[in-house]
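Per the UniProt record's numbering, residue 1 is the first one in the sequence shown, and the count goes up by one each step.
The beta carbon of each residue, even a glycine, is placed where N, CA and C say it ideally should be.
Shown next, in structure tokens, is the structure this report addresses.
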Amino acid sequence: MSYRVAMDIGGTFTDVVCYDERTGAVTASKAPTTPGDLADGVFAALGRVVDDPAGISFFVHGTTQGLNALLERKGARVLLLASRGGRDVYQIARGNRDRMFDLRYRKPEPLVPRQDVMEAGGRLDYQGRELAPLDEESVRAAARRARAEGFDAVAVCLLFSYVNPAHEVRAGEILRAELGEDVLVVLSHEVAREWREYERTSSAVLEAYTGPVVRRYLAGIERRFAERGLAVPVHVMQSSGGLVNASYAMRRPLQTLLSGPVGGTMGGVAASRLLDHRNVICVDMGGTSFDVSLVVDGRPDVSSEARIEGYPVLMPIVNLHTIGAGGGSLAYAEAGALRVGPESAGAVPGPACYGRGGTRPTVTDANVVLGRVDPAWFAGGLMTLDTEAAGVAVAELAGELGLDPLALAEGICDVANAKMAQAIRTLTVEHGVEPREFALVAFGGAGAMHAAFIARELGISEVVVPRFPGAFSAWGMLEAEVRRDLTHPYFRPQDTLDGADMSRNLATLEREALDALAGQGVPGERRRVEHAVDLRYEGQDYTLTIPLRDAAEPAEPGFLARLAARYAEAHTARYGHATPEAPVELVMLRSTGFGSFPRTAAPAAVTAESAAPDVRDVIFDGAVHRTPVLRRAGLEGELAGPAIVVEETATTVIPPGCVATVDDNGFLIMKVNT
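So, in structure tokens, the structure goes:
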């Protein structure tokens with residue numbers, strides 16, 4: 001066994017990267033995603049890089065099954081079991097308005113209607129002490145209803161279970177004994193052992209809603225791979241940027257919600273290390289969506305909570321901003337103006353140029369009309385594009401808007417670029433981050449085609465295009481580590497802090513994290529644990545996570561003063577101000593276990609005899625430019641724009657005024673005139 005393989009299943013294509021441990025060679029390919037049965041696309045892509053799955057020594061993939069179920073509202077039917085008197089916590093949610101001046105604002109529709117919420121007797125106080133024993137008959141009544149009415153999952157969220165989970169544990173035992181394996185039982189303290197009832201309930205409901213879909217998919221993939229001879233575990237990307245094996249992912253399916261997109265972020269982490277550029281913006285433009293994430297000081301930008309489709313979720317998650325802007329995004333007229341996305345042509349029928357029956361113009365069709373795509377060698381020659389169909393689709397919309405077809409095609413790209421630039425501002429400028437201090441790492445099937453134009457909008461001077469940009473998210477998964485996150489509620493005002501007690505609690509979490517990594521098959525010498533604590537000023541509701549040196553640090557003299565200083569520094573960086581003299585309050589201890597794998601090599605530049613470039617007319621800024629179209633294999637030296645660079649998984653557009661070079665790691669570095 002010598003092949004390390006990673007796979008990213010997108011809305012349009014399934015990308016695969018294979019690293020040969022014997023030779024160090026990295027190969028990539030793709031196959032159309034098969035929405036009816038994703039496994040068909042998986043094995044079609046795999047067959048293009050590996051002859052026999054028995055030769056695979058490591059396999060990881062990202063899945064959007066859970067996210068798709070949420071986006072399309074096709075998840076499981078969930079019964080929610082809450083504490084007596086707390087039935088309406090999930091329905092009431094929060095009173096804050098995300099859009100202050102939107103007169104039509106409505107809170108997200110709960111995934112569990114009120115009639116599907118039941119109550120269980122029994123109560124703990126805020127310190128986890130039992131005030132009344134669990135009413136086990138009320139739990140059995142919930143089981144009987146779940147069985148009789150055909151619920152797919154039961155989510156249990158009882159008051160103060162994050163402090164003492166005893167009642168939830170017992171409720172789970174009863175439900176699993178009554179319902180068997182056919183009904184997923186989710187306990188909130190296992191999903192998110194954190195304070196705030198609504199957020200914890202929402203997290204448990206999300207896992208219950210998406211879990212059955214994810215479990216069926218992963219079980220099917222494992223079974224079909226085993227039938228084909230795969231002898232190693234299937235690993236899955238987590239939303240945190242870490243890996244777990246499929247058996248754990250089936251127990252904690254919520255962790256896979258953003259499984260696919262975060263692979264690109266981890267690729268960005270590896271790229272920042274190879275480039276010696278600590279801060280990068282990762283942009284992944286595929287056929288359906290455009291994803292933005294950050295690498296800050298060489299680490300992925302990860303939060304302990306997020307909102308997905310308006311629903312809060314408590315779990316470590318890469319800060320990812322997604323909009324509906326991809327190569328397949330449809331262009332249309334609305335109120336006499338041009339609109340692009342978020343609706344996509346998808347894999348079927350796809351853009352008009354795919355020749356699969358699509359008739360409406362997309363961003364890809366616009367690039368074809370502008371001459372920015374090689375129709376004879378699209379996706380490495382896997383597809384031949386129908387330029388005539390693309391021209392007809394764009395011309396029909398141009399006639400509707402009274403525009404010249406070429407002007408409309410460039411307008412479609414400009415609108416898409418403006419939307420993508422704004423998505424980057426949402427994650428940077430709106431959080432006090434200056435994008436001009438970052439390099440832009442562009443990947444995805446269409447990312448390198450639009451990167452220079454997006455960089456110009458933002459004043460970014462450097463664009464990095466890795467080898468195999470269309471499969472970069474898959475390559476990033478090979479660079480990720482096994483990750484397990486543990487939390488422990490630890491509410492302490494600073495004047496009652498016992499540093500030795502805090503160290504003991506962190507040491508306990510560290511042992512649990514190391515044991516969890518061992519259960520994932522990580523050798524002892526490759527395990528490590530990092531610690532942090534959530535802090536806030538007394539009277540505040542929000543917290544910031546402050547890293548610790550190790551588990552022993554809190555027991556050292558002067559720890560509290562150092563911790564308060566770190567918090568003030570972090571508060572200033574995040575909010576622009578701090579109150580160093582104000583007392584701080586500890587809220588949560590966090591320990592994260594990491595298990596590393598041997599690094600894969602960067603997909604280096606391929607040496608090949610360079611052929612004479614094809615020269616064609618390409619439209620830039622309304623003017624025709626004679627532009628060379630070159631293969632990336634064998635590309636060397638300095639390349640001045642305009643130029644088009646094609647390869648197996650993507651096309652890179654170098655506009656006039658830009659200059660590109662290939663570095664020692666095979667990255668195409670483009671200097672953009674801003």
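Where the alpha helix (DSSP H) containing residue i begins and where it ends
| i | result |
| --- | --- |
| Glu-168 | 166–179 |
| His-189 | 188–191 |
| Ala-219 | 197–227 |
| Glu-136 | 136–149 |
| His-571 | 559–575 |
| Val-42 | 38–46 |
| Glu-512 | 499–519 |
| Leu-274 | 262–275 |
| Ala-246 | 246–251 |
| Glu-479 | 472–479 |
Exposure of residue i, with buried meaning 16 or more beta-carbon neighbours within 10 Å
| i | result |
| --- | --- |
| Ala-605 | With a pLDDT of 48 at Ala-605, under the threshold of 50, the modelled position of this residue cannot be trusted, and the question is left open. |
| Met-100 | exposed |
| Ile-654 | buried |
| Val-5 | buried |
| Ala-153 | buried |
| Pro-547 | exposed |
| Ala-419 | Sequence check: residue 419 is Lys here, not Ala. Lys-419 is buried by the Cβ-count criterion. |
| His-531 | buried |
| Asp-374 | buried |
| Arg-436 | exposed |
| Met-7 | buried |
| Thr-572 | exposed |
| Gly-10 | buried |
| Pro-523 | exposed |
| Val-415 | buried |
| Phe-13 | buried |
| Tyr-3 | buried |
| Tyr-19 | buried |
| Arg-144 | exposed |
| Arg-410 | Note on identity: in this sequence residue 410 is Glu, with Arg being the wrong assignment. Counting Cβ neighbours within 10 Å, Glu-410 comes out buried, since at least 16 surround it. |
| Glu-173 | exposed |
| Ala-640 | exposed |
| Phe-491 | exposed |
Residues bridged to residue i (per DSSP)
| i | result |
| --- | --- |
| Val-653 | Ile-644 |
| Met-7 | Val-16, His-61 |
| Ser-29 | Val-16 |
| Leu-544 | Leu-535 |
| residue 692 | The question about residue 692 has no answer, for the chain in this structure spans 1 to 674. |
| Met-237 | Leu-243 |
| Leu-639 | Ala-660 |
| Arg-527 | Gly-595 |
First through last residue of the beta strand (DSSP E) which encompasses residue i
| i | result |
| --- | --- |
| Gly-593 | 584–595 |
| Asp-614 | 614–620 |
| Ala-624 | Going by the sequence as given, residue 624 is Val instead of Ala. Counting along the chain, the beta strand (DSSP E) containing Val-624 begins and ends at 623–631. |
| Arg-484 | 482–493 |
| Glu-462 | 462–465 |
| Ala-660 | 659–662 |
| Leu-668 | 668–671 |
Whole beta strand (DSSP E) elements within the stretch 55–132, 3-residue minimum: Correct list: 56–62, 78–83, 117–120, 130–132.
Please give the ranges of any beta strand (DSSP E) in the stretch 281–369, keeping only runs that are unbroken, at least 3 residues long and fully inside the region. Runs of the beta strand (DSSP E) spanning 3 or more residues and lying entirely within the stretch 281–369 occur at 290–296, 302–308, 311–318, 321–323, 329–334, 337–344, in chain order.
Would you say the stretch 221–233 touches the stretch 49–69, given that touching needs at least three Cβ pairs under 8 Å? They touch, by the three-pair rule.
Where in the stretch 378–453 do unbroken runs of the beta strand (DSSP E), each at least 3 residues long, occur, reported from the N-terminal end onward? 439–443, all fully within the stretch 378–453.
Segment contact, 8 Å Cβ cut-off, at least three pairs: the stretch 280–287 with the stretch 505–513: With a cut-off of 8 Å, the stretch 505–513 and the stretch 280–287 do not count as touching, because too few Cβ pairs lie within range.
Are three or more beta carbon pairs between the stretch 83–92 and the stretch 101–118 nearer than 8 Å? Verdict: yes, contact present.
Are at least three pairs of beta-carbons, each pair with one atom in the stretch 314–322 and one in the stretch 348–360, less than 8 Å apart? Fewer than three Cβ pairs drawn from the stretch 314–322 and the stretch 348–360 lie within less than 8 Å of each other, which leaves the two stretches out of contact.
Under 8 Å, with one C-beta from each stretch per pair, do the stretch 578–591 and the stretch 537–545 reach the 3-pair mark? Yes, the stretch 578–591 touches the stretch 537–545.
I'd like to know if the stretch 207–224 and the stretch 64–74 are in contact, where contact means that at least 3 CB-CB pairs between them fall below 8 Å. The stretch 207–224, when compared against the stretch 64–74, does touch it at the 8 Å Cβ threshold.
Taking 8 Å as the threshold, find out whether the stretch 455–472 comes into contact with the stretch 551–565 through three or more Cβ pairs. The stretch 455–472 vs the stretch 551–565: no contact.
Should the stretch 241–250 be regarded as contacting the stretch 474–486, the criterion being three or more beta carbon pairs within less than 8 Å? Yes, they touch.
Decide yes or no for the touch test of the stretch 71–80 against the stretch 15–34: beta carbon pairs closer than 8 Å, at least 3 of them. Contact between the stretch 71–80 and the stretch 15–34 is absent, because fewer than three Cβ pairs lie under 8 Å.
Contact the stretch 145–164 vs the stretch 181–198: 3+ CB pairs below 8 Å: The stretch 145–164 vs the stretch 181–198: in contact.
Is there contact between the stretch 252–259 and the stretch 426–433, where contact requires at least three CB pairs shorter than 8 Å? With a cut-off of 8 Å, the stretch 426–433 and the stretch 252–259 do not count as touching, because too few Cβ pairs lie within range.
Taking 8 Å as the cut-off, does the stretch 467–475 touch the stretch 325–338 (at least 3 CB pairs, one atom from each stretch)? No, the stretch 325–338 does not touch the stretch 467–475.
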